[in-house]
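A short worksheet on the structure shown next.
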Amino acid sequence: IEGGRAAARLDLSRDWSVELIGIGQRIRGADSQYADRGDPPLTRAAPVTEGFSADFGQAQLVVSGLLGTVHVRSTSGVTAHDLMERYDATAPDSPVRLFAQANRTRMQANETRLWSSAPDGSGWLAGFSYIHNRTRLTRLFGAPGALEPTTGVVNSIREATLYGETSVRLLPGLLTTAGLRVTRSVLDGAGEDIAARVPVALLAMSARRKQTIVLPSAAALVDLTPRLQMFARYQQGFRPGGLAIESDFVRRFQNDRVATIEAGLRTGRAGSDRFDGSLTLAHTAWRDIQADFIDGSGLPSTANIGDGRLWTIEGTLGARISDGLRVEAALSYNDGQIDEPSAVRLFDLVGSFTIDPAAARAQVAARLSQIPNTARVTARTGAVYTRDLGSSADLKVDGWLRYVGSSRLGVGPVLGQLQGSYLDSGITARIGLGAIGISAGVTNLTNERGNRFALGTPFTTGRDDREAAGLGDI
Numbered sequence: 008i009e010g011g012r013a014a015a016r017l018d019l020s021r022d023w024s025v026e027l028i029g030i031g032q033r034i035r036g037a038d039s040q041y042a043d044r045g046d047p048p049l050t051r052a053a054p055v056t057e058g059f060s061a062d063f064g065q066a067q068l069v070v071s072g073l074l075g076t077v078h079v080r081s082t083s084g085v086t087a088h089d090l091m092e093r094y095d096a097t098a099p100d101s102p103v104r105l106f107a108q109a110n111r112t113r114m115q116a117n118e119t120r121l122w123s124s125a126p127d128g129s130g131w132l133a134g135f136s137y138i139h140n141r142t143r144l145t146r147l148f149g150a151p152g153a154l155e156p157t158t159g160v161v162n163s164i165r166e167a168t169l170y171g172e173t174s175v176r177l178l179p180g181l182l183t184t185a186g187l188r189v190t191r192s193v194l195d196g197a198g199e200d201i202a203a204r205v206p207v208a209l210l211a212m213s214a215r216r217k218q219t220i221v222l223p224s225a226a227a228l229v230d231l232t233p234r235l236q237m238f239a240r241y242q243q244g245f246r247p248g249g250l251a252i253e254s255d256f257v258r259r260f261q262n263d264r265v266a267t268i269e270a271g272l273r274t275g276r277a278g279s280d281r282f283d284g285s286l287t288l289a290h291t292a293w294r295d296i297q298a299d300f301i302d303g304s305g306l307p308s309t310a311n312i313g314d315g316r317l318w319t320i321e322g323t324l325g326a327r328i329s330d331g332l333r334v335e336a337a338l339s340y341n342d343g344q345i346d347e348p349s350a351v352r353l354f355d356l357v358g359s360f361t362i363d364p365a366a367a368r369a370q371v372a373a374r375l376s377q378i379p380n381t382a383r384v385t386a387r388t389g390a391v392y393t394r395d396l397g398s399s400a401d402l403k404v405d406g407w408l409r410y411v412g413s414s415r416l417g418v419g420p421v422l423g424q425l426q427g428s429y430l431d432s433g434i435t436a437r438i439g440l441g442a443i444g445i446s447a448g449v450t451n452l453t454n455e456r457g458n459r460f461a462l463g464t465p466f467t468t469g470r471d472d473r474e475a476a477g478l479g480d481i
């Protein structure tokens, strides 16, 4: 892994500044990062090398300033990301086969916002953002050294958003907020290298469509006592749709949308008060959930799998033990499921078109006990120690333990398998010497081995002898 970051700042005046930021990273992997279950620890056997490469680059321009009492900030960015992967696609008792895919992403974005705030918490914010993202996925399959193109896809989105928010203190102990976000999206896409046997009508499959989405938000903050506050918040969000590859075909999937309402209590302020904490209860309604499943050719695809709901309860607690030592803890519990699985995807999710519909629904219900990639329990505890060493030198030590509960990678009999249920840990130390800082860190202090991401290679996922094992010593 090679990478770097550079930044430069120019103060144009007392109120205005310009920042230029560049980020680059180059990763080369000689083989895939998963292990075979049942073999010696952290080992894997395959007839072909499964290497990968990733290149990432980003440039940002940030302009900040003041217009009277109004703050202005405009951020522009250009991003390029190229990913190349190779997988062993050899079936049992069959000739050696290799699958390779390349994902090329280009994105340009800008966000410009203006805001003003008053000492009592009231104020306003207004902004505009624009994103143009284009991703091209190409795939090759066949004998090593004789790969042939298979179905690929291009997805493009141009998205413009206007948003605004205002906060008003209606009473000395009541602050209310209302906001609105309007997004206009233009999605475009098409299949590439589609097999000749696919009907001509399907060759013109395109994701070309336009949509306007209005997302409201509202919040209230009540001061119960000088140190205790009650809050409530409602907000909506969405993810755009596009085209997904399914076997030899290219298929549309729609945008999904969430609406969340939460309420809770909080006391103290982290960093300023001796004790601080919060307790939050939230409910999320999720429509047309986007999730991954394994298609008929054994590769991951994306589809809208139905509507779901998610209940979340979360608590945090922090304490300043001394002037230089702070400890904190957090716990989150999620209870979610898909209440109305999509009838169109029902048989894909159970991996068979010949089973009885009643049995199919029973299998789907079992696999959809959790919304994909949502751990039922997560917990974290940590401590931060700071000390002034004198002569413009300081020390900061940060340590943590984090438990990630079990979740499911996707849906169906293959991607519906469990992942997670591991303990992560780490400690970092930094010595500041004026304008220079020296840092060092160690993670996975307990030598934990777990399944961080349940997909090793899509061609062997679901077999009893393969399992991703993404957590090791660092």
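Each residue of the sequence shown is one higher than the last, beginning at 8 in the working numbering.
Every residue, glycine too, gets a C-beta built ideally from N, C-alpha and C.
Straight-line gap, residue i to residue j (C-alpha atoms, nearest Å)
i, j, result
"Leu73", "Leu181", "29 Å"
"Ala37", "Val55", "11 Å"
"Met114", "Glu92", "21 Å"
"Leu144", "Glu57", "18 Å"
"Phe63", "Gly249", "23 Å"
"Gly278", "Pro247", "38 Å"
"Ser24", "Arg188", "28 Å"
"Arg80", "Gly128", "20 Å"
"Phe282", "Arg333", "10 Å"
"Pro307", "Asp299", "6 Å"
"Ala239", "Gly397", "45 Å"
"Asp241", "Tyr41", "Here residue 241 is Tyr; the residue named in the question, Asp, does not match the sequence. So the two alpha carbons sit approximately 41 Å from each other."
"Thr274", "Ala251", "46 Å"
"Pro379", "Gln424", "10 Å"
"Gly171", "Arg141", "27 Å"
"Glu9", "Leu235", "48 Å"
"Thr219", "Arg165", "12 Å"
"Thr190", "Phe245", "10 Å"
"Thr86", "Ala61", "13 Å"
"Gly313", "Val265", "12 Å"
"Asp280", "Thr453", "32 Å"
"Ala197", "Val161", "5 Å"
"Ala326", "Trp407", "15 Å"
"Gly75", "Gly284", "36 Å"
"Leu324", "Arg276", "11 Å"
"Gln261", "Ile296", "9 Å"
"Asp342", "Ile268", "15 Å"
"Pro151", "Asp401", "56 Å"
"Ser163", "Gly31", "23 Å"
"Thr450", "Gly457", "14 Å"
"Gly479", "Glu455", "In this prediction, Gly479 has a pLDDT of 43, which is less than 50 and means its spatial position is unreliable; what the coordinates show is noted afterwards. When rounded, the distance between both Cα atoms is 6 Å."
"Thr183", "Ser123", "16 Å"
Residues of its chain near residue i, where Cβ-Cβ distance is below 6 Å and the 5 sequence neighbours each way are ignored
i, result
"Ala116", "Gly84 and Ile138"
"Arg437", "Lys403, Gly444 and Ser446"
"Val391", "Arg333 and Asp405"
"Asp18", "Ser24"
"Ala382", "Val411, Gly412, Ser414 and Gly427"
"Thr393", "Gly331 and Lys403"
"Ser39", "Glu57"
"Leu272", "Met237 and Leu286"
"Arg104", "Ala96 and Thr97"
Secondary structure of residue i, DSSP reduced to three states
i, result
"Ser163", "strand"
"Pro54", "coil"
"Leu144", "strand"
"Ser428", "strand"
"Pro223", "strand"
"Ile378", "coil"
"Thr496", "As shown, the chain starts at 8 and ends at 481. That puts residue 496 outside it, with no answer to give."
"Ile268", "strand"
"Ile138", "strand"
"Glu455", "coil"
"Thr76", "coil"
"Ser20", "coil"
"Val207", "Its pLDDT being 44, under 50, Val207 is placed unreliably by the model, and the measurement read from it follows with that caveat. Note: Val207 maps to helix in three-state DSSP."
"Ala125", "coil"
"Leu177", "strand"
"Glu474", "Residue placement at Glu474 is flagged as unreliable, the pLDDT there being 45, under the threshold of 50; the coordinate-derived value follows with that caveat. Strand, per DSSP."
"Asp263", "strand"
"Gln32", "strand"
Same chain, Cβ closer than 8 Å to residue i, five either side skipped, listed in chain order
i, result
"Asn52", "Per the sequence shown, residue 52 should be read as Ala rather than Asn. Contacts found: Asp43 and Asp46."
Close Cβ partners of residue i (< 7 Å) along its chain, the five nearest in sequence each way excluded
i, result
"Leu231", "Met237"
"Thr119", "Ser81, Gly134 and Phe135"
"Ala208", "Here the model assigns Ala208 a pLDDT of 45, short of 50, so the residue's position is not dependable and the matter cannot be decided."
Would you say the region 321–341 touches the region 380–390, given that touching needs at least three Cβ pairs under 8 Å?
Proximity of the region 321–341 to the region 380–390 meets the contact definition, three or more beta-carbon pairs being nearer than 8 Å.
For the pair the region 124–137 and the region 92–109, tell me if three or more CB-CB distances fall below 8 Å.
Counting Cβ pairs under 8 Å, fewer than three are found: no touch.
Validate contact between the region 290–297 and the region 315–327 using beta carbons, cut 8 Å, 3 pairs
Three or more Cβ pairs closer than 8 Å define a contact, and the region 290–297 meets that threshold against the region 315–327.
Could you say if the region 98–113 and the region 143–162 meet the contact criterion of at least three C-beta pairs nearer than 8 Å?
With the cut-off at 8 Å, the region 98–113 and the region 143–162 touch.
Please give me, in chain order, every unbroken run of the beta strand (DSSP E) with length at least 3 that falls completely inside the region 279–352.
Taking only runs of at least 3 residues, the beta strand (DSSP E) segments lying wholly in the region 279–352 are 282–294, 297–301, 307–311, 313–329 and 332–348.
Starting from the N-terminal side, write out each stretch of the beta strand (DSSP E) that is 3 residues or longer and does not extend beyond the region 79–120.
Segments of the beta strand (DSSP E) lying fully in the region 79–120: there are none.
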